[in-house]
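Engineer: Residue numbers (the numbering used here), protein chains in the order written: chain Z, 171 to 572; chain A, 171 to 572.
(1) Give me the chain A residues within the contact set of residue 239(Z), using Cβ-Cβ distance strictly less than 9 Å, ordered along the chain.
(2) Would you list, in chain order, the members of the region 456-472 of chain A that have their beta-carbon closer than 7 Å to a beta-carbon of chain Z?
(3) Do you know offhand how far residue 176(A)'s Cα is from residue 313(Z)'s?
(4) With H, G and I counted as helix, E and B as strand and the rest as coil, what does DSSP make of residue 447(Z)?
(5) Would residue 491(Z) count as contacting chain A if we go by Cβ distances under 8 Å?
(6) Return helix, strand or coil for residue 280(Z), following the three-state DSSP convention.
(7) Which runs of the alpha helix (DSSP H) at least 4 residues long sit entirely within the region 407-446 of chain A? Give them in chain order.
(8) Assuming the contact rule is C-beta atoms closer than 8 Å, residue 485(Z) and residue 398(Z) should be a hit. Round their C-beta distance to whole Å, please.
(9) Leaving out five residues on either side along the sequence, give the residues of the same chain with a beta carbon under 7 Å from the beta carbon of residue 198(Z).
(10) Pick helix, strand or coil for residue 333(A), following the three-state DSSP scheme.
(11) Say whether the region 278-294 of chain Z touches the region 313-324 of chain Z, bearing in mind that this needs 3 or more beta-carbon pairs closer than 8 Å, one atom from each stretch.
(12) Can you give the Cα-Cα distance for residue 192(A) and residue 533(A), rounded to whole angstroms?
(13) Tell me which residues share the same chain as residue 560(Z) and place their Cβ nearer than 8 Å to its Cβ, disregarding the 5 neighbours each side in the sequence.
(14) Strictly below 9 Å CB to CB, what residues from chain A border residue 290(Z)?
(15) Of all Cβ atoms in chain A, is any one closer than 8 Å to the Cβ of residue 141(Z)?
(16) List, in order along the chain, the chain Z residues whose C-beta lies closer than 7 Å to that of residue 370(A)?
(17) Should residue 190(A) be flagged as near chain Z, meaning a C-beta pair shorter than 8 Å?
(18) If you draw a straight line from the C-alpha of residue 217(Z) to the C-alpha of residue 235(A), how long is it?
(19) Return the bridge partner residues of residue 299(A) from the DSSP annotation.
(20) Kindly indicate which three-state DSSP category residue 306(A) falls into: helix, strand or coil?
(21) Of the choices 400(A), 377(A), 396(A), whose alpha-carbon is the least far from that of residue 390(A)?
(22) Express the C-alpha separation of residue 519(Z) and residue 570(Z) in angstroms, rounding to a whole number.
(23) Determine the chain A residues that contact residue 568(Z) at a beta-carbon separation under 8 Å, and present them in chain order.
(24) Mark residue 311(A) as exposed unless 16 or more other C-beta atoms lie within 10 angstroms of its C-beta, in which case mark it buried.
(25) Give a yes or no on whether the C-beta atoms belonging to residue 511(Z) and residue 498(Z) are separated by under 8 Å.
(26) With distance defined between alpha-carbon atoms, name the residue in 203(Z), 432(Z), 324(Z), 242(Z) nearest to residue 128(Z).
(27) Using the rule of at least 16 other Cβ atoms within 10 Å of the residue's Cβ for burial, across every protein chain shown, is residue 412(A) buried or exposed?
(28) Could you tell me the boundaries of the alpha helix (DSSP H) in which residue 501(Z) lies?
(29) Hey, how far is the Cα of residue 363(A) from the Cα of residue 544(A)?
(30) Check whether the Cβ of residue 425(Z) lies closer than 8 Å to any Cβ atom in chain A.
(31) On the premise that residue 233(Z) lies in contact with residue 462(Z), defined as a C-beta separation below 8 Å, what is that separation, rounded to the nearest angstrom?
(32) Given that a residue counts as buried once 16 or more other Cβ atoms are within 10 Å of its Cβ, and exposed if not, what is residue 381(A)?
(33) Determine the DSSP secondary structure at residue 355(Z), reduced to helix, strand or coil.
(34) Buried or exposed for residue 564(A), going by 16 or more other Cβ atoms inside 10 Å?
(35) If I measure Cβ to Cβ from residue 535(A) and keep anything under 6 Å in the same chain, skipping five residues before and after, which residues do I get?
(36) Threshold first: 4 residues or longer. Then list the alpha helix (DSSP H) segments lying entirely within the region 460-511 of chain A, N to C.
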């Protein structure tokens, strides 16, 4: 008799963003006249950069031509893209990453979610609380509900997870953090790399928001930390760095030197396992998305991507300063597109979500959706239009003035 | 200590098509003057249809516009695409499938490979031999190496798998078949559906090649068989029907009525589980690919897609008749893009692969790469250019004349 993966029964019913969408839909239907100001989901709103658009039109024309048609590409991604990533995002910063250590995919959500496929089931997992729900939910799907060590991230520790007292096999780190906007310092990351080396752990480092880091002394890649090449995998995405949420393109770095116990005691390259997974269960990212991504590394592409990031950073700074001026405790928003705000006493996160929605049409993300330590907070996203952001902050400011 | 999924150690080292690519590369480097005639991998070669190209340019322009920008889409796919699929591929043929029973994805390889995520680990699995390697390899990855029932497909049974004597939980069927090109009859499929209903099995029906079916009495969808709505999932793809191998777009049908034991004895909708999987581990197919796919259903798109299929079918017919005239036993090639040919005595499939490559520069796929019953066969693909196909058949014919 056919049976389902029983661990799906351990999942909470609704995915956070679906629930938000449903509440907003119900509210809009009941109040069609009220403008909805979306500062909730981390979706970009600026159109794609001209350099990217030009590359896309060219790439479409390739597919119209018998001579320049591209069918199946390499599952690992086209060398033309992997080369410019290695050069620009790593070697130019003095980080040793080669093109064949890069795997192009359709998204960091897929990669972080799928990575567990190549790992053993009976692992202990360290996950921050609050956390991007995908890490938690996919580990529940893999049957690890009772072997997760939650690392509280609160005002007390600057929203940065500390290494646990006990050994732990698999560690998820996200910096700049979703949802808190906190950025781990070089010293924080060194602690984690040292811990991973001492405990033979693997760090999955989600750097999807690295392009928002502007402080020169902050780390953009885990591979800037000595020893990380033996114990870490890095995930990056064009979704936020170049507005590709609708295009789908991301990449994952696995150093060829990284070894893992194959489950039978033999040490094997982690790179080989992921390559086997991807060649068997994935057929490469779209040629169009890969051509678009390569355009991000042209001189015009870089300039335009930077301008978009600056636009969102202006939003973030405005949200941060407005809330801060109102006396709310906030973190993030400086080297991150997210502002994590302590809500007034007497509200749960969902109640405050409803309060903002009903009174101002403002959509945020309730902190409790990211874990129990997120209760008492909401996440503001800076990915909206400046005008949306300005209106929302004006409404909140005005309500406090009265 | 971090450990890998130990079942990866049960996989054979090399993925079939990577090995072929490596042999061709070595041969080409040693014989740079010899033209390579590719009839191996099932990749399309015709450029995308004009209607699809026009839709892609339009969709690119959407992404260049602040007003028409699309970011994250619904994980299940855009309604504009799911609606036209339901209407054209199902309702127009009298098959009851609604838009919300359709899941858009980046490929049928991903979907058939990932489907095991929502199923229990300890299942018995029936898989044809020869078979598309993804079914076999992903089941090995899920730890089912020793619980696979291989169903021999040979000349004796018309290359069609027969229902086994014992109960079996999960069944992979592919029709038109990859690699044999055989198409299951309505009666064959009825046997399997009856078997699945009697044994509470689930059929994963891979219909990636359905657009090659021209005989009116053949079944295109498993849902044409009464009862299939309780025991089957169907996978389709734009890769072969519209040449999207480089674009990445496919879809999977899960009827809302299909129930599955949740692993704890409760019957739950299979649809809910896959929706949960996709919303958690996938972020939707590219907006561009979905717009392109929708264009396949316009009047021009349909006409152009049909013309491309006819082009490949002409290749298939030419391969089939040439080999047949040479006295080789062949199957497929009529309602399928693949011709499955019995090779001369004295060769293994890989030896015959090497023989065709070294003597004529012809690349085919060795049958043994698809399973032990594939030994003694090679697969010819009709997805090459007509000129390639014609040259290859002329070389083979000539060699036999001498």
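From the three backbone atoms N, C-alpha and C, an ideal C-beta is built for every residue, glycine too.
Structural biologist: Taking the structure as given:
(1) Residues of chain A passing the Cβ test: 214, 215, 216, 217, 218, 413, 416.
(2) If the cut-off is 7 Å between Cβ atoms, the region 456-472 of chain A has 456, 457, 458, 459 near chain Z.
(3) Each residue's Cα considered, the two are about 16 Å apart.
(4) Three-state DSSP puts residue 447(Z) in a helix.
(5) Chain A, which has no Cβ nearer than 8 Å to the Cβ of residue 491(Z), makes this no.
(6) Judged by DSSP in its simplified three-state form, residue 280(Z) adopts helix.
(7) Scanning the region 407-446 of chain A from its first residue to its last, the whole alpha helix (DSSP H) runs of 4-plus residues come out as 408-411.
(8) Not a contact, Cβ separation roughly 32 Å.
(9) For residue 198(Z), the CB contacts under 7 Å within the same chain, skipping 5 residues up- and downstream, are 206 in chain order.
(10) In this structure, residue 333(A) counts as coil in the three-state DSSP scheme.
(11) In short, these stretches touch, since the Cβ pair count reaches three.
(12) If you take the alpha carbons of residue 192(A) and residue 533(A), they lie about 12 Å apart.
(13) Apart from the 5 residues on each side of it in sequence, residue 560(Z) sits with its Cβ closer than 8 Å to the Cβ of 488 in its chain, given in chain order.
(14) Within 9 Å Cβ-Cβ: 172, 173, 174, 175, 176.
(15) Not covered by the structure: residue 141(Z). The range shown for chain Z is 171 to 572.
(16) By Cβ distance, chain Z contributes 171, 172.
(17) So, not an interface residue.
(18) If I take the Cα positions, the gap works out to 5 Å.
(19) Answer by DSSP bridge pairing, in chain order: 322(A).
(20) Residue 306(A): helix per DSSP, three-state reduction.
(21) Of the candidates 400(A), 377(A), 396(A), 377(A) places its Cα closest to the Cα of residue 390(A).
(22) Computed Cα separation, rounded: 18 Å.
(23) Residues of chain A passing the Cβ test: none, with the nearest at roughly 27 Å.
(24) For residue 311(A), the number of other beta carbons within 10 angstroms of its own is at least 16, and it is reported as buried.
(25) Closer than 8 Å, so yes.
(26) The structure shown has nothing for residue 128(Z), since chain Z only spans 171 to 572.
(27) By the neighbour-count rule (16 or more Cβ atoms within 10 Å), residue 412(A) is buried.
(28) Where residue 501(Z) is concerned, there is no enclosing alpha helix (DSSP H), although the beta strand (DSSP E) it sits in stretches over 500-502.
(29) Their backbone Cα atoms lie some 26 Å apart in a straight line.
(30) Taking Cβ atoms only, chain A never reaches closer than 8 Å to residue 425(Z), which makes this a no.
(31) Between residue 462(Z) and residue 233(Z), the beta carbon gap of about 13 Å keeps them out of contact (Cβ cut-off 8 Å).
(32) Label assigned to residue 381(A): buried.
(33) Reduced to three states, the DSSP call for residue 355(Z) is coil.
(34) When all chains shown are included, residue 564(A) counts as exposed.
(35) Taking residue 535(A) as the centre and dropping the five residues before and after it, the same chain places the C-beta of 210, 549 closer than 6 Å to its C-beta, in chain order.
(36) Those alpha helix (DSSP H) runs which fall completely within the region 460-511 of chain A and span 4+ residues are 469-495.
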